[in-house]
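From first to last, the protein sequence lines are chains Y and E. So the numbering used here is basically just the index in the first sequence, starting at one, shifted up by 336. So the numbering used here is basically just the index in the second sequence, starting at one, shifted up by 27. What follows is a set of notes on a single structure, which appears directly below.
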Amino acid sequence: MKSKNFLWCITLPLILTGCIPSPKVLEDIQLVQTIGYDYVNDEEFEGTAGSSNIPPGEQSLPVNEVFSAKGKTSKRIRQEIQAEAARPIVVGRVGLVIFNKELAEHGIEKQIDSLQRNPSIGRKLLLVVSKEKAKDIIDSNYSQSDSVSQYLIDVVEQNIEATIPEINLHRFLVHYYSKDADPFLPLIEKQGKHLKVSGLGIFKEDKLVDTISFGDAFIFKILYEKFRRGQFEVELSGGEDVSLENLSSKPKIRVDKRNGKYIATFKVKVNGRAMEGVDLDLTDKKTIERIEKAVEKEITERAEKMIKRFQEMDTDPLRIGEKARQRSDFNRKEWREQYSQMEIKIEAKVNAVQSGIIE
Amino acid sequence: MFPLPKEDKMVSPFFVFYLIHAMQVGVGILGFERVIVQSAGYSAWIAILASGASIIGLIWISYRILNKGNNDIVAIHADIMGKWIGGFFSFLFSLYFLSFALVVLRSYVEVIQVWVFPEVSQWIFVLIIIFLAYSYVTGGFRVVTGVSYLGILYGLPLLLVKFYPLQYADYGNLLPIFNASPADLFKASKEMTLNFLGFETLFMFYPFIKDGPKSEKWAYFGVLFSIFIYLLTAFVTFVYFNQEQLKGTIWATLTLWKIVDLIIVERFEYIGISVWFFTILPNICIGLWCASRGMNRLFPVSQRNALKMFCLLLFMISVLLTDRQQIDVLQKVISQIGLYTIYFYLPFLLVLQYIIMKVKKG
């Protein structure tokens, strides 16, 4: 009995070896790192896959390899791209997906759906909207020596930490599926030999409806999420420039309902260190107070202006609706009707400390 | 007619904790959130508590039946319904345990096919898993118990991974707390009960527990632990996903793992699914063991031969089920049968046993 079992254990794996799926060796596959989508016409779009190829040799630099094809579905495009490539295309490590602005304005539902359906796509994937054609961004050379794909990912990632709100595929899907919020994505553009994050693209459902500037994107971040390590510059009434560094912020949204009317309040607490005031005496308490007041005013004014714009577009990227939904007396129909006219208040509280190594 | 097993084949009472818990946490946990949320929204956690509580009640009933009969379901059936009718019901029970193994096996193979190896045909996985399960079950009940103990031990570290999705948590998702009608909650509780199925195997392995009545509290602990695991899983899923998003996510727990960011692995799902095999294996082993044991008690066949027959049957049916719809139908049918078995048949059995015992005494 024992020897029979042993025999089984030996023969079964031997028989089954033929069934093992082909291994994926890094050198034998085409690892796609960035994907770009461009608008062609209402039915078709163009997909671009950017990957880098490291040629054999000790000091060889990665070579940028770009494939692109047009089609009605992502799967079709993938097939076409596969026809061009020398090795099997693998999308398991895609880190960045670029949507061309024109395409985003027409809606990106198809592309998003194919991304979230694919089991080999992660959720930390970064999505961005580009002013130029996505293909041109992927298929060009930048001054950095890294591979192009890695460079693009690094630029966006670095900005997400300090200047624009954190958004990846998962966050996008949360906003996209929510009945009471709309998504937003970082906006990128090419500037000479560099790539630059230039603001945010605001969506209504799956369509891009508005873009906000880089400066406003930071105000958006202050209203949207808790973070550390920001930087903010403000001009005082006397015309002096001062900057707050190591800025940390914590927003709170409150939605009240009075007599059937919704009122939202943003409470923002900002802490930071005042730096770089050339003619200012930063040890003086009064100066610090002046700085605090000025920053508060700046944040409040800009935020109010930005939110007004969102209300006019009837889009809710700051997920005020989600907050309203959490009330037990929430009524979605009422909310939808009221949102574009409702009162939204901003209460900013800034706390500045003197800093720097010279008094 | 139905001899009790020898003492050297028995296990200590506290192993019931592992057996019950291992049986309750299986493939269901990878995607149960979606089902209950479709009925009751994000108040569905109440349904988990409610159906968990009802299971505790059913375990109480089971122990009343078993303690009185002091044998397994086959002997109890024969005692109160006679050889033929009792034997028929025992036979159905055996098939039910087998179908339990079938659902778990087929659903897990589906997960492997969709997530990890789309290019490999299913019979290979089915064959490997059945071969493995067979080799464990032939080791006897003690080995099966050992497998369920190890299965839980290997599966637990996966809970640590919940830390990553919590970084993206939106705790406000859970508000407002009571946002479902009692009817919705009832429906969700019913659906949730399916995930707690499996404790009925107790009716088969009860004689194998040293000092059976003492194991009752361990059975309760097992269920409580299952409730805790389900609640924790649901909580993390609820704060991570938006409600509408979750309604379209088939395997919420697996999709959750997509956010995990470890230095050495880009796709944690592959590791998670592999580790999850150890949680699946005891389900299949216990199911097969119970089914074959039932056959052995009913017919003059050795448990090993019954097991061989069932393995073959399991293999053939698993291979014949090819697409998602069929698996869905299978899951629905088996869980409906399970639902009626535990909520109607068990109390009925308790009453019947009570009456017949009274009559026999008198």
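Heads up, the beta-carbon is just placed ideally off N, CA and C, and yes, glycines get one too.
{"Query": "Neighbour flag for K671(Y) against chain E, beta carbons, 9 angstroms", "Result": "A small correction: the amino acid at residue 671(Y) is Trp; Lys does not occupy that position in the sequence shown. False, the Cβ-Cβ gap to chain E never drops below 9 angstroms."}
{"Query": "Nearest neighbour of Q567(Y), chosen from K586(Y), L509(Y) and A610(Y) [CA to CA]", "Result": "A610(Y)"}
{"Query": "Beta bridge counterpart(s) of K217(E) as assigned by DSSP", "Result": "K217(E) is not bridged to any residue."}
{"Query": "Span separating the alpha-carbon of G299(E) from that of W111(E)", "Result": "47 angstroms"}
{"Query": "E576(Y): first and last residue of the uninterrupted alpha helix (DSSP H) it sits in", "Result": "Per DSSP, E576(Y) belongs to no alpha helix (DSSP H) and is neither H nor E."}
{"Query": "Cβ-based burial, R465(Y) [other Cβ within 10 Å; buried from 16]", "Result": "The displayed chain sequence assigns Val, not Arg, to residue 465(Y). Result: buried."}
{"Query": "Contact list for the region 305-333 of chain E against chain Y, Cβ threshold 9 angstroms", "Result": "none"}
{"Query": "Euclidean distance between Cα positions of F116(E) and T220(E)", "Result": "23 angstroms"}
{"Query": "Cβ-based contacts, 7 angstroms cut-off: residues of the region 512-534 of chain Y near chain E", "Result": "Y513, S514 and K515"}
{"Query": "Buried versus exposed call for K659(Y) [16 or more other C-beta atoms within 10 Å across all chains shown]", "Result": "buried"}
{"Query": "Status (buried if at least 16 other CB within 10 Å, exposed otherwise) for L347(E)", "Result": "exposed"}
{"Query": "Per-residue DSSP class, three states only, for E525(Y)", "Result": "strand"}
{"Query": "Distance between L283(E) and L177(E) (C-alpha atoms, nearest Å)", "Result": "24 angstroms"}
{"Query": "Three-state secondary structure assigned by DSSP to F646(Y)", "Result": "helix"}
{"Query": "Whole runs of the beta strand (DSSP E) within the region 209-268 of chain E, excluding any shorter than 3 residues", "Result": "none"}
{"Query": "Of the residues D542(Y), I682(Y), K621(Y) and N377(Y), the one placed nearest K605(Y), counting alpha carbons only", "Result": "I682(Y)"}
{"Query": "is_contact[Y195(E), chain Y] using C-beta, thresh 9 angstroms", "Result": "yes"}
{"Query": "Residues near D542(Y) in its chain [Cβ-Cβ closer than 6 angstroms; skip 5 each side]", "Result": "G443, I444 and E445"}
{"Query": "Euclidean distance between Cα positions of G96(E) and A102(E)", "Result": "8 angstroms"}
{"Query": "Residue interval of the beta strand (DSSP E) (run including G407(Y))", "Result": "V399 to G407"}
{"Query": "Cutoff 9 angstroms: Q662(Y) Cβ touching any chain E Cβ", "Result": "yes"}
{"Query": "D449(Y), DSSP secondary structure in three states", "Result": "helix"}
{"Query": "Chain-ordered neighbours of H506(Y) on chain E, where CB pairs are closer than 7 angstroms", "Result": "Y195 and I286"}
{"Query": "Test: K622(Y) CB closer than 9 angstroms to a CB of chain E", "Result": "no"}
{"Query": "Continuous beta strand (DSSP E) stretch holding Y598(Y): start and end", "Result": "K597 to M611"}
{"Query": "Reference Q452(Y), options Y233(E), T349(E), T276(E) and S362(E), closest by Cα", "Result": "T276(E)"}
{"Query": "A470(Y) beta carbon less than 9 angstroms from that of T384(Y)", "Result": "yes"}
{"Query": "Contact with chain E by G657(Y), beta-carbon distance below 9 angstroms", "Result": "no"}
{"Query": "Proximal residues of chain E, C-beta to C-beta of V433(Y) below 8 angstroms", "Result": "Going along chain E, no residue has its Cβ under 8 angstroms from V433(Y), so there is no contact; the nearest lies around 15 angstroms."}
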